[in-house]
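In our numbering, the protein residues as written are -11 to 327.
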């Protein structure tokens, strides 16, 4: 901004909910070098106060006024505060006997962070901040003597970035043996009418070989390779991705107006169907009784353009698809022994 103004007001909101206003005479405005040869505009920076942080999705505004000079006009700049840290951690199951053997609280906190797969990254610089994660509160103790549900509060960077995870502590972990499919495949191929937009994979099984019941949760869904496909989130409307070439003010959009490949993906059991998407909250999937098995499958709906079949007599299959959409998703399940 330019330094020689009649009025300067810089406004921001911090995580304490306080709206802060700085004027041109504030000592917190640190002026730096000029950005133009005529030395009108200067770089500047504003240091936040100790332990202060901007509130995500609020607005920082800068208002400049110089009515005493006709060549300069009032200027207002606004920017939305983005989240500075991308972070994740997940609910966990801990062996009570292993917890009781830990040497100290630091070892307990290290175990919680390791098992929860806590990760963090600076959004702007992409610097790895995983080692900055810490446990600031938990009701799990070194001498925990009862199986049950507990919690931990994790923090990364400034205290504004906190996450609460659930912890199931059990003394029956060594008695649990569950097998799951390591790979589930689904496909929905293009047909001339473009009507083949729904699919259901073959049926796979989860087997509980234990002599006790096991609660099963969908703990995490990760996109290892999107293949250019947008995985729809819960409640998201495919028509939000539709565009019309019509010049009408409010054109009526249909699924035919969707050009980007979209996928609504679900994990299906005999009792429920749960939509899968990245960064979803943990969801209970099923309860497996002792020495039982349960079928699961993948279902879904595809929107947008299919890769088309190109006829080519020289190909062994008589042709080929003009493109391949082969997304790869990773589904992490969590198991908890139950009475």
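C-beta atoms are modelled at their ideal positions from N, C-alpha and C, and glycine is treated no differently.
Per-residue DSSP class, three states only, for residue i
i           : result
residue 174 : coil
residue 75  : strand
residue 286 : strand
residue 260 : coil
residue 229 : helix
residue 242 : coil
residue 162 : helix
residue -8  : coil
residue 118 : helix
residue 254 : strand
residue 14  : coil
residue 156 : strand
residue 192 : strand
residue 109 : strand
residue 81  : strand
residue 49  : strand
residue 281 : strand
residue 313 : coil
residue 184 : coil
residue 124 : strand
residue 42  : strand
Proximity winner among the options, relative to residue i (alpha-carbon distances)
i           : options               : result
residue 257 : 241, 223, 245 and 276 : 276
residue 125 : 141, 135, 112 and 133 : 141
residue 243 : 99, 229 and 300       : 229
residue 83  : 113, 69, 120 and 131  : 131
residue 72  : 89, 61, 290 and 114   : 114
residue 213 : 163, 313 and 289      : 313
residue 291 : 13, 170, 186 and -9   : 186
residue 221 : 197, 263, 255 and 190 : 263
residue 64  : 269, -10 and 252      : -10
residue 295 : 287, 172, 305 and 311 : 311
residue -5  : 56, 70 and 24         : 56
residue 273 : 206, 44, 282 and 86   : 206
residue 259 : 61, 282 and 301       : 282
First through last residue of the beta strand (DSSP E) which encompasses residue i
i           : result
residue 67  : 63 to 68
residue 2   : No beta strand (DSSP E) holds residue 2; DSSP gives it neither H nor E.
residue 21  : 17 to 22
residue 274 : 271 to 276
residue 138 : 136 to 143
residue 307 : 307 to 309
residue 149 : Neither: residue 149 is in no beta strand (DSSP E) and is coded neither H nor E.
residue 203 : 201 to 213
residue 301 : Note, residue 301: premise wrong, no beta strand (DSSP E); not H, not E.
residue 317 : 316 to 326
residue 29  : That residue, residue 29, is in no beta strand (DSSP E); it is neither H nor E in DSSP.
6 Å CB neighbourhood of residue i in its chain, flanking five on each side removed
i           : result
residue 74  : 109 and 111
residue 100 : 123 and 140
residue 153 : 77, 79, 104 and 140
residue 107 : 76 and 118
residue 159 : 84 and 135
residue 196 : 166, 202, 276 and 280
Cutoff 8 Å; reference residue i; Cβ partners in own chain excluding five residues on either side
i           : result
residue 201 : 275, 276, 277, 278, 325, 326 and 327
residue 90  : 96, 99 and 130
residue 254 : 261, 262, 263, 264, 286, 287 and 288
Terminal residues of the alpha helix (DSSP H) in which residue i lies
i           : result
residue 85  : 84 to 88
residue 334 : The requested residue 334 is not part of the displayed model; the chain covers only -11 to 327.
Heavy atom of the ligand GTP within 6 Å of residue i beta-carbon
i           : result
residue 225 : Although the ligand GTP was asked about, the structure shown includes no ligands whatsoever.
C-beta atoms of residue i and residue j nearer than 7 Å
i           : j           : result
residue 239 : residue 247 : no
residue 66  : residue 49  : yes
residue 241 : residue 227 : yes
residue 148 : residue 3   : yes
Nonlocal neighbours in the same chain, by C-beta distance under 7 Å from residue i, ignoring five residues either side
i           : result
residue 33  : 18 and 20
residue 266 : 209, 210, 211 and 219
residue 245 : 230, 231 and 232
residue -3  : 9, 11 and 51
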